[in-house]
Amino acid sequence: MATFKDFRNNVKPNWCPGCGDFSIQAAIQRAAANVGLEPENLAVISGIGCSGRISGYINAYGLHGIHGRALPIAQGVKLANRDLTVIASGGDGDGFAIGMGHTIHAIRRNLDITYIVMDNQIYGLTKGQTSPRSAEGFKTKSTPEGSIESTLSPLEIALSAGATFVAQSFSSDLKQLTSLIEQAIAHKGFSLINVFSPCVTFNKINTYDWFKEHIVNLNEFPDYDPLNRIAAMTKIMETGGMLTGLIYQNKDRKCYEDMIVGFKEEPLAHQSLNISRESFDQLVAEFK
Ligand SMILES: Cc1ncc(C[n+]2csc(CCOP(=O)(O)OP(=O)(O)O)c2C)c(N)n1
Ligand code: SF4
């Protein structure tokens, strides 16, 4: 049986020392081993950004895609080979700015994949511009007078879009994050985990200490019921979106793959790629 070390490769991450993304990488590796996966059972698909490098740092199938497009690729991978556990990952810019259209539709489509957003509330790779997650008044090179846009709430949007699994964590809380990734992998449907992951180089406001001061762990509310969607929305609003833990889960809705009428039992990836002249002509004729 694989251990988390089997999910390591020999590529040295070039994240800045102290970047929150290191812990997210470790949490994915631990969760994958804890749920009994082998490296060949896992595909990690990422977008572009410092965070997007993660697919290259995990010993599994992987694809470092293009900016904002981790989810279309991840959904294609899952549809082609339903035996794979598919994790998509990227930054808050990747998923909530350029990729937001894909994020909303992937949420409502509900394929059985896990989406981990590495939320540092800034564009890291391009050297520190304002992202949709930056707070109002946030000063960067792109908003020298302070951001005048309101901050996007991915948790509220996910719930409104029909999400079946919504969680949030902090990269410093390896135990909670690992457990949430395990639960997300086990969940039959689309799982969003937004992870606060400090950018120590360009974001001097949302630091480790800042997050520790502002985060509210759902453990503090023993009566909280993550199966109640209205309670989830209320709690997100009450805490200004700073809560961590499993916020909402709908265990009743079937995932997309299980609802496709006539979807072949044999995944595409297991089918022969050899095609005879006759069947090729037949296929082309269908589209004439
Ligand atoms: C189509 C396209 N537009 C813009 C860029 C430039 N670009 C690369 S990464 C990035 C944002 C990075 O921020 P985020 O997604 O939050 O990831 P982080 O680097 O903070 O992990 C941008 C705008 C690009 N690579 N491709
Ligand atoms: S620039 Fe920020 S997000 Fe990028 S590696 Fe460095 S600390 Fe991490």
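Take 10 as the starting number for the sequence shown in our numbering and just add one per residue. Heads up, the beta-carbon is just placed ideally off N, CA and C, and yes, glycines get one too.
As assigned by DSSP and simplified to three states, the class of residue i
{"i": "ASP121", "result": "coil"}
{"i": "MET242", "result": "helix"}
{"i": "PHE272", "result": "coil"}
{"i": "ALA52", "result": "strand"}
{"i": "PHE220", "result": "helix"}
{"i": "ARG17", "result": "strand"}
{"i": "THR139", "result": "coil"}
{"i": "ILE157", "result": "coil"}
{"i": "LEU80", "result": "helix"}
{"i": "ASN43", "result": "helix"}
{"i": "ILE284", "result": "coil"}
{"i": "VAL209", "result": "coil"}
{"i": "ASN226", "result": "strand"}
{"i": "TYR66", "result": "helix"}
{"i": "ASP128", "result": "strand"}
{"i": "ILE57", "result": "coil"}
{"i": "LEU88", "result": "helix"}
{"i": "LEU236", "result": "coil"}
{"i": "HIS111", "result": "helix"}
{"i": "PHE289", "result": "helix"}
{"i": "PHE147", "result": "coil"}
Residue j beta carbon less than 7 Å from that of residue i
{"i": "ILE67", "j": "PHE16", "result": "yes"}
{"i": "LEU189", "j": "SER180", "result": "no"}
{"i": "ALA79", "j": "ALA97", "result": "yes"}
{"i": "VAL126", "j": "GLY110", "result": "no"}
{"i": "GLY58", "j": "GLY100", "result": "yes"}
{"i": "GLN38", "j": "PHE13", "result": "yes"}
{"i": "GLN130", "j": "SER151", "result": "no"}
{"i": "GLY198", "j": "THR160", "result": "no"}
{"i": "GLY65", "j": "VAL20", "result": "yes"}
{"i": "GLY29", "j": "SER143", "result": "no"}
{"i": "CYS264", "j": "ASP121", "result": "yes"}
Among the options, nearest to residue i - alpha-carbon criterion
{"i": "MET246", "options": "GLY77, LEU164 and THR135", "result": "LEU164"}
{"i": "GLU49", "options": "ILE63, THR152, GLY71 and GLN34", "result": "GLY71"}
{"i": "HIS76", "options": "SER55, GLU145 and SER64", "result": "SER55"}
{"i": "LYS260", "options": "LYS21, GLN38, ASN119 and VAL20", "result": "ASN119"}
{"i": "ILE256", "options": "GLY271, VAL225 and LEU282", "result": "VAL225"}
{"i": "PRO22", "options": "SER60, MET10 and ALA40", "result": "SER60"}
{"i": "ASN215", "options": "ALA240, GLN280 and TYR132", "result": "TYR132"}
Distance cut-off 6 Å: residue i Cβ against heavy atoms of ligand 1
{"i": "THR135", "result": "yes"}
{"i": "CYS28", "result": "no"}
{"i": "SER98", "result": "no"}
{"i": "GLY58", "result": "yes"}
{"i": "HIS76", "result": "yes"}
{"i": "SER140", "result": "yes"}
{"i": "GLY271", "result": "no"}
{"i": "GLY102", "result": "yes"}
{"i": "ASN129", "result": "yes"}
{"i": "TYR132", "result": "yes"}
Span of the beta strand (DSSP E), counted from its first residue to its last, around residue i
{"i": "HIS73", "result": "70–73"}
{"i": "THR94", "result": "94–100"}
{"i": "ASN203", "result": "200–205"}
{"i": "THR253", "result": "252–258"}
Unbroken alpha helix (DSSP H) run spanning residue i, endpoints
{"i": "SER178", "result": "No alpha helix (DSSP H) holds SER178; the beta strand (DSSP E) holding it covers 174–179."}
{"i": "LEU168", "result": "163–169"}
{"i": "LYS184", "result": "183–195"}
Contact test: residue i Cβ vs ligand 2 heavy atom, cutoff 6 Å
{"i": "THR149", "result": "no"}
{"i": "VAL126", "result": "no"}
{"i": "TRP219", "result": "no"}
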